[in-house]
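K.L.:
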Amino acid sequence: MFTGLIQAIGTLRSVNRDSAAGRMLIASKLAGEDLELGESIAVNGACLTVVSWDAESFAVDVSPETLDRTTLGELRLHQPVNLERAL
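If you're matching positions, the sequence shown starts at 29 in the numbering used here and goes up one per residue.
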């Protein structure tokens, strides 16, 4: 569940659309916090699952359907994204 309040602004660092599920790497202060594998994070309002992270960024998988039906498919490198952790 999400509150709808933006908790942080991240920056899109990379997008890989070569596989069945695309992967986005997002730089954010949230990455340095206590993230967990499988945690849900809303990226520009779309709920995505954390698949890896380090101190500066985290990665999420994005399905082709999500890329087609949301604004996530229109993002360009280094664009800011709104972030919110699930409750």
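Even for Gly, the Cβ is constructed at its ideal location relative to N, Cα and C.
1. Identify every residue that forms a DSSP beta bridge with A87.
2. Decide if A87 is buried, meaning its Cβ has at least 16 other Cβ atoms within 10 Å, or exposed.
3. Please report how far the alpha carbon of T98 lies from the alpha carbon of E84, in whole angstroms.
4. Here's a check: name, in chain order, each residue in its chain whose Cβ is nearer than 6 Å to the Cβ of A36, leaving out the five neighbours to either side.
5. From A48 to P92, what does the alpha carbon distance come to, in whole angstroms?
6. CA-CA distance, M29 and D46?
7. Could you check where the beta strand (DSSP E) with E112 kicks off and where it finishes?
8. Rounding to the nearest angstrom, what Cα-Cα distance links V90 and V79 in this structure?
9. Would you list the residues sitting across from L125 in a DSSP beta bridge?
P.N.:
According to the structure data:
1. L53, S80
2. buried
3. T98 and E84: Cα-Cα distance of roughly 25 Å.
4. S56, K57, L58, L111
5. 7 Å
6. The alpha-carbon separation between M29 and D46 amounts to approximately 30 Å.
7. 108-113
8. 11 Å
9. Only positions 29 to 115 of the chain appear in this structure, which leaves residue 125 out of reach.
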